Amino acid sequence: MSRRRLQPDLDLTPLIDVLFMLILFFVITASLLQGQISVRLPAGQGAPVGGRPAVIEVFPDGRIRFDGTPVSREETAALALKAGKAGRDLILAADRDVSYGNVAALLEILQSAGIQDVGLALQGGKTP
(Lines of atoms letter the chains of each structure in order from A and count residues from 1; the text may use other names and numbers.)
(Lines give C-alpha, C1' and ligand atoms only; values in the text may rest on other atoms or scores of the structure.)
Protein backbone atom coordinates (compact mmCIF):
# COMPACT_ATOMS: atom_id res chain seq x y z
CA MET A 1 0.00 0.00 0.00
CA SER A 2 1.43 3.28 -1.00
CA ARG A 3 1.20 6.17 1.30
CA ARG A 4 0.44 9.55 -0.09
CA ARG A 5 2.52 12.30 1.24
CA LEU A 6 0.58 15.33 2.37
CA GLN A 7 1.89 18.57 1.03
CA PRO A 8 1.64 21.50 3.43
CA ASP A 9 -0.79 24.09 2.14
CA LEU A 10 0.22 27.70 2.62
CA ASP A 11 -2.75 30.01 3.22
CA LEU A 12 -1.95 33.52 1.95
CA THR A 13 -5.20 35.17 3.03
CA PRO A 14 -3.88 36.58 6.36
CA LEU A 15 -0.77 37.91 4.60
CA ILE A 16 -2.87 39.69 1.97
CA ASP A 17 -5.11 41.15 4.71
CA VAL A 18 -2.09 42.56 6.54
CA LEU A 19 -0.67 44.03 3.32
CA PHE A 20 -3.96 45.75 2.52
CA MET A 21 -4.07 47.20 6.04
CA LEU A 22 -0.53 48.55 5.64
CA ILE A 23 -1.38 50.11 2.29
CA LEU A 24 -4.50 51.68 3.79
CA PHE A 25 -2.48 53.04 6.72
CA PHE A 26 0.10 54.65 4.43
CA VAL A 27 -2.54 56.17 2.14
CA ILE A 28 -4.41 57.75 5.07
CA THR A 29 -1.19 58.97 6.68
CA ALA A 30 0.01 60.51 3.43
CA SER A 31 -3.29 62.33 2.87
CA LEU A 32 -3.21 63.76 6.41
CA LEU A 33 0.34 65.00 6.01
CA GLN A 34 -0.48 66.94 2.85
CA GLY A 35 -2.71 69.34 4.81
CA GLN A 36 0.05 70.14 7.31
CA ILE A 37 2.57 71.82 5.06
CA SER A 38 4.01 74.82 6.85
CA VAL A 39 4.22 78.06 4.94
CA ARG A 40 6.42 80.92 6.01
CA LEU A 41 4.54 84.11 5.22
CA PRO A 42 6.40 87.34 4.58
CA ALA A 43 6.33 89.96 7.30
CA GLY A 44 3.98 92.88 6.76
CA GLN A 45 5.25 96.42 6.61
CA GLY A 46 3.46 99.35 8.19
CA ALA A 47 0.25 99.53 10.17
CA PRO A 48 -2.80 97.44 9.35
CA VAL A 49 -5.11 99.05 6.84
CA GLY A 50 -8.29 100.44 8.35
CA GLY A 51 -7.23 100.12 11.97
CA ARG A 52 -9.87 99.01 14.46
CA PRO A 53 -13.14 97.93 12.81
CA ALA A 54 -16.43 99.65 13.60
CA VAL A 55 -18.73 97.15 15.31
CA ILE A 56 -22.52 97.33 14.99
CA GLU A 57 -24.18 95.20 17.70
CA VAL A 58 -27.82 94.11 17.42
CA PHE A 59 -29.67 92.74 20.45
CA PRO A 60 -32.81 90.55 20.62
CA ASP A 61 -34.88 93.38 22.12
CA GLY A 62 -34.15 95.60 19.09
CA ARG A 63 -31.41 97.75 20.63
CA ILE A 64 -28.49 98.70 18.40
CA ARG A 65 -25.05 99.84 19.53
CA PHE A 66 -22.40 101.35 17.28
CA ASP A 67 -18.93 100.96 18.82
CA GLY A 68 -20.56 100.51 22.23
CA THR A 69 -22.83 103.57 21.99
CA PRO A 70 -26.62 103.05 21.80
CA VAL A 71 -27.99 104.41 18.50
CA SER A 72 -31.13 104.26 16.36
CA ARG A 73 -31.28 102.54 12.96
CA GLU A 74 -31.03 105.87 11.15
CA GLU A 75 -28.03 106.96 13.21
CA THR A 76 -26.41 103.60 12.48
CA ALA A 77 -26.40 104.28 8.74
CA ALA A 78 -24.89 107.77 9.18
CA LEU A 79 -22.21 106.56 11.60
CA ALA A 80 -21.38 103.56 9.40
CA LEU A 81 -21.00 105.82 6.37
CA LYS A 82 -18.71 108.11 8.35
CA ALA A 83 -16.62 105.14 9.56
CA GLY A 84 -16.43 103.75 6.02
CA LYS A 85 -15.12 107.07 4.70
CA ALA A 86 -12.49 107.00 7.45
CA GLY A 87 -11.30 103.64 6.09
CA ARG A 88 -12.64 101.49 8.92
CA ASP A 89 -14.11 98.06 8.26
CA LEU A 90 -17.71 97.46 9.37
CA ILE A 91 -18.62 94.38 11.40
CA LEU A 92 -22.24 93.46 12.14
CA ALA A 93 -22.47 91.38 15.33
CA ALA A 94 -26.03 90.19 15.87
CA ASP A 95 -27.05 88.14 18.89
CA ARG A 96 -27.99 84.57 18.02
CA ASP A 97 -31.56 85.23 19.24
CA VAL A 98 -32.10 88.18 16.88
CA SER A 99 -34.49 87.32 14.06
CA TYR A 100 -33.01 87.24 10.59
CA GLY A 101 -35.59 89.81 9.48
CA ASN A 102 -34.12 92.43 11.84
CA VAL A 103 -30.60 91.76 10.55
CA ALA A 104 -31.78 91.89 6.93
CA ALA A 105 -33.63 95.17 7.58
CA LEU A 106 -30.48 96.72 9.07
CA LEU A 107 -28.38 95.48 6.15
CA GLU A 108 -30.93 97.00 3.77
CA ILE A 109 -30.70 100.37 5.57
CA LEU A 110 -26.90 100.23 5.32
CA GLN A 111 -27.09 99.33 1.64
CA SER A 112 -29.49 102.19 0.89
CA ALA A 113 -26.99 104.54 2.56
CA GLY A 114 -24.37 103.37 0.05
CA ILE A 115 -22.50 100.91 2.25
CA GLN A 116 -21.64 97.73 0.36
CA ASP A 117 -19.01 95.96 2.50
CA VAL A 118 -20.21 94.72 5.89
CA GLY A 119 -18.66 91.76 7.67
CA LEU A 120 -20.80 89.44 9.79
CA ALA A 121 -19.34 88.37 13.12
CA LEU A 122 -19.70 84.70 14.07
CA GLN A 123 -18.88 82.82 17.20
CA GLY A 124 -15.79 80.67 16.74
CA GLY A 125 -16.22 76.94 16.42
CA LYS A 126 -15.96 74.06 14.02
CA THR A 127 -16.91 74.56 10.42
CA PRO A 128 -19.24 72.05 8.87
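Be aware that the sequence shown starts at 29, since it is given in our numbering, and climbs by one per residue.
Note that the Cβ used here is the ideal one computed from N, Cα and C, for glycine as well.
Computed from a prediction, not measured in an experiment: that's the story for all the values here.
So, do the stretch 48-61 and the stretch 80-89 have three or more beta carbon pairs nearer to each other than 8 Å?
As far as the Cβ criterion goes, the stretch 48-61 does not touch the stretch 80-89, which means the pair count is below three.
Give me the residue from V126, D125, G112 with the minimum Cα distance to G147.
For G147, the closest of V126, D125, G112 by C-alpha to C-alpha distance is G112.
State buried or exposed for L43, treating a residue as buried only when at least 16 other CB atoms are found within 10 Å of its CB.
It is exposed - the Cβ of L43 has fewer than 16 other Cβ atoms within 10 Å.
Rank G129, G142, D125, Y128 by C-alpha distance to the C-alpha of L118 and give the top, closest one.
G142
Taking the beta carbon of T104 as the centre, do at least 16 other beta carbons fall within 10 Å, making it buried, or is it exposed?
buried
Identify, in the order they occur along the chain, each residue of the same chain with its Cβ nearer than 8 Å to the Cβ of P199, setting aside the five sequence neighbours on each side.
Outside the displayed range of the chain (29 to 156) lies residue 199, so it cannot be described from this structure.
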